[in-house]
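Participant: One structure follows; several queries about it will come next.
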Ligand code: AMP
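In the working numbering, the protein residues as written are 1 to 221.
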């Protein structure tokens, strides 16, 4: 029997955390919990949380810790997360990392690994400006990499017209990267001290990178 995986994917916006998490979620049969996706769903449904979060997201700022932490605590209590999970985009601040530790401790759980996904700033900007998403099924494409859709501008899976995320414009991207450097990058040291950190350089084919992350996550087991 394989051991439970409670993983966290760290890395700047645009390194491909969601892209790599997808196949690994399927392989291990555990959910990927993306705070960006959860927040966007709240914005779309115009919930109270969504209304509060929207203005921060549109300008590339972080949504306040208490709002995001409560949302994650609720999500981690759902049944499908009991056997493990991949966290994508959370924690993004030291306060969130400490809150996560508390939330998991209360459930007699702890993280089993932290995967730090690393690429250069040039690659990140190229990936983010080229990213296109399907508003219907959520599939991701990229016009600057080999992840282009078969028919330009349309989703392969459901044929809906692809869109660009409102925060994937150059000005907001720069702001998001600056916030990453200031607030999220310190988590690399924080998790290095716990002995859980593994760093992956995300260059190459998606399958290869997924394989490297898999080996890093299964290390020691
Ligand atoms: P992402 O899809 O991970 O790039 O997140 C998109 C936006 O959602 C970010 O730029 C933030 O505004 C917000 N967001 C996502 N996760 C968090 C988090 N852990 N803490 C604060 N804000 C977040």
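Virtual Cβ for every residue (Gly too), placed ideally from N, Cα, C.
Report buried or exposed for residue 137, applying the criterion of at least 16 other Cβ atoms within 10 angstroms of its Cβ.
Facilitator: Position 137 of the chain shown, counted from the first residue, corresponds to residue 137. When all chains shown are included, residue 137 counts as exposed.
Participant: If you count every other CB in all the chains shown that lies within 10 Å of the CB of residue 155, and 16 or more means buried, which is it?
Facilitator: Within the chain shown, residue 155 is the residue found at index 155, counting from 1. It counts as buried.
Participant: How far does the beta strand (DSSP E) with residue 113 in it extend, from its first residue to its last?
Facilitator: Residue mapping note: residue 113 aligns to position 113 of the chain shown, counting from 1. It spans 113-118 - the beta strand (DSSP E) in which residue 113 sits, taken as one unbroken run.
Participant: Quick one: what's got a C-beta closer than 6 Å to residue 221's C-beta in the same chain, skipping five residues either side?
Facilitator: Within the chain shown, the letter at position 221 stands for residue 221. Legend: pLDDT at residue 221 = 44, less than 50; position of this residue unreliable, value from coordinates given subsequently. Correct list, in chain order: 3.
Participant: Is residue 19 near the ligand AMP, judged by its Cβ being under 7 Å from some heavy atom?
Facilitator: Within the chain shown, numbered from 1, the residue matching residue 19 stands at position 19. Because no heavy atom of the ligand AMP lies under 7 Å away, the Cβ of residue 19 does not count as near it: no.
Participant: Going by other Cβ atoms of all chains shown within 10 Å of its Cβ, with 16 needed for buried, is residue 5 buried or exposed?
Facilitator: Numbered from 1 along the chain shown, position 5 holds the residue referred to as residue 5. Buried.
Participant: Can you tell me whether residue 45 is buried or exposed? The criterion is at least 16 other CB atoms within 10 Å of its CB, across all chains shown.
Facilitator: Residue mapping note: residue 45 aligns to position 45 of the chain shown, counting from 1. The residue is exposed, with fewer than 16 neighbouring Cβ atoms inside 10 Å.
Participant: Please determine, among 68, 152, 49, 64, the residue with the shortest C-alpha to C-alpha distance to residue 33.
Facilitator: Here residue 33 corresponds to residue number 33 of the chain shown, with the count starting at 1. If we check each option's Cα against that of residue 33, 68 comes out closest.
Participant: Please classify residue 62: is it buried, with 16 or more other beta-carbons within 10 angstroms of its beta-carbon, or exposed?
Facilitator: Here residue 62 corresponds to residue number 62 of the chain shown, with the count starting at 1. Residue 62 is buried by the Cβ-count criterion.
Participant: From what residue to what residue does the beta strand (DSSP E) around residue 142 run?
Facilitator: By 1-based counting over the chain shown, the position of residue 142 is 142. Residues 140-142.
Participant: What's the gap between the Cα of residue 120 and the Cα of residue 217?
Facilitator: Counting from 1 along the chain shown, the entry for residue 120 is found at position 120. Counting from 1 along the chain shown, the entry for residue 217 is found at position 217. C-alpha separation (whole angstroms): 22 Å.
Participant: Quick one: using the 10 Å Cβ neighbour count with 16 as the cut-off for buried, is residue 84 buried or exposed?
Facilitator: Taking the first residue of the chain shown as position 1, residue 84 is located at position 84. Looking at its Cβ environment, which holds 16 or more other Cβ atoms inside 10 Å, residue 84 is buried.
Participant: If contacts are defined as beta-carbon pairs under 8 Å, then residue 41 and residue 118 qualify, I think. What distance do you get, rounded to the angstrom?
Facilitator: Working through the chain shown from its first residue, we reach residue 41 at position 41. Working through the chain shown from its first residue, we reach residue 118 at position 118. About 28 Å; that fails the 8 Å criterion.
Participant: Measuring only from the beta carbon, is residue 61 closer than 7 Å to any heavy atom that is part of the ligand AMP?
Facilitator: Walking along the chain shown from the start, residue 61 turns up at place 61. For the ligand AMP, at least one heavy atom lies less than 7 Å from the Cβ of residue 61.
Participant: Examine the Cβ distances between the segment 97-106 and the segment 152-170 and report whether three or more of them are shorter than 8 Å.
Facilitator: Short answer: they don't touch.
Participant: In three-state DSSP terms, what is residue 221?
Facilitator: Walking along the chain shown from the start, residue 221 turns up at place 221. Low confidence applies to residue 221: its pLDDT is 44, below 50, so where it sits in the model is not reliable enough to give any reading.
Participant: Under a three-way DSSP split, which group does residue 34 fall into?
Facilitator: Counting from one through the chain shown, the residue named residue 34 turns up at place 34. The answer is strand: DSSP assigns residue 34 an E or B state.
Participant: Which same chain residues end up closer than 8 Å to residue 208 when comparing Cβ atoms and leaving out the 5 residues on each side of it in sequence?
Facilitator: Position 208 of the chain shown, counted from the start, is the residue given in the question as residue 208. Correct list: empty, nothing qualifies.
Participant: According to DSSP, what are the bridge partners of residue 80?
Facilitator: The count along the chain shown starts at 1 and reaches residue 80 at position 80. Residue 80 pairs with nothing; no bridge assigned.
Participant: From which residue to which residue does the alpha helix (DSSP H) around residue 123 run?
Facilitator: Residue mapping note: residue 123 aligns to position 123 of the chain shown, counting from 1. Run containing residue 123: 121-130, per the alpha helix (DSSP H) assignment.
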